[in-house]
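The working numbering applies: residue 53 is where the sequence shown begins, and numbers increase by one.
From the three backbone atoms N, C-alpha and C, an ideal C-beta is built for every residue, glycine too.
Following: one structure in structure tokens, then a few remarks.
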Amino acid sequence: NTAYTFRNPPQFLNPALHESRDAMYETDAVLKHYFRHANVGPFLAQRMIQRFGISNPSPDYVEAVAIAFRDGIYSSGGQTFGNGKYGDLESMVAAVLLEREARTVLLDADPSAGSLRE
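Below is the structure:
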């Protein structure tokens, strides 16, 4: 037998009972699924860091920003940023701007550090 079958085949939209709200619910569900994916935090962290000035951030810097995105809270210098909810951009931007690697003066002397100009 060369035919493959699914025990519970995926079914997205039922063509027999087509309603626009079904598509909205499924679109909302898939967006929530993508937002909660484990790679979203590191992906957004890498992009935000690159946009704010460091073309090639260290893995520790990316991890710190991704953790701030995941946990929704970032502490620096006695101040706490964020509301503690997953995906909080306040804590993520605070981590991008206030993380030690972003503010260190040692990287100013390194010609490979910083952002590349177009």
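{"Item": "Contact check, PRO109 vs ILE119, beta carbons under 7 Å", "Value": "no"}
{"Item": "Residue span of the alpha helix (DSSP H) that contains TYR113, given as start and end", "Value": "111-123"}
{"Item": "Simplified DSSP state of SER143, which is helix, strand or coil", "Value": "helix"}
{"Item": "Distance, ALA116 Cα to GLY105 Cα", "Value": "16 Å"}
{"Item": "Spatial distance of PRO94 from TYR113 (CA atoms)", "Value": "10 Å"}
{"Item": "Where the beta strand (DSSP E) through PHE95 begins and ends", "Value": "From DSSP, PHE95 is part of no beta strand (DSSP E) but of the alpha helix (DSSP H) over 92-103."}
{"Item": "Stretch-stretch touch, CB-based, cutoff 8 Å, three pairs: the region 78-98 with the region 128-136", "Value": "no"}
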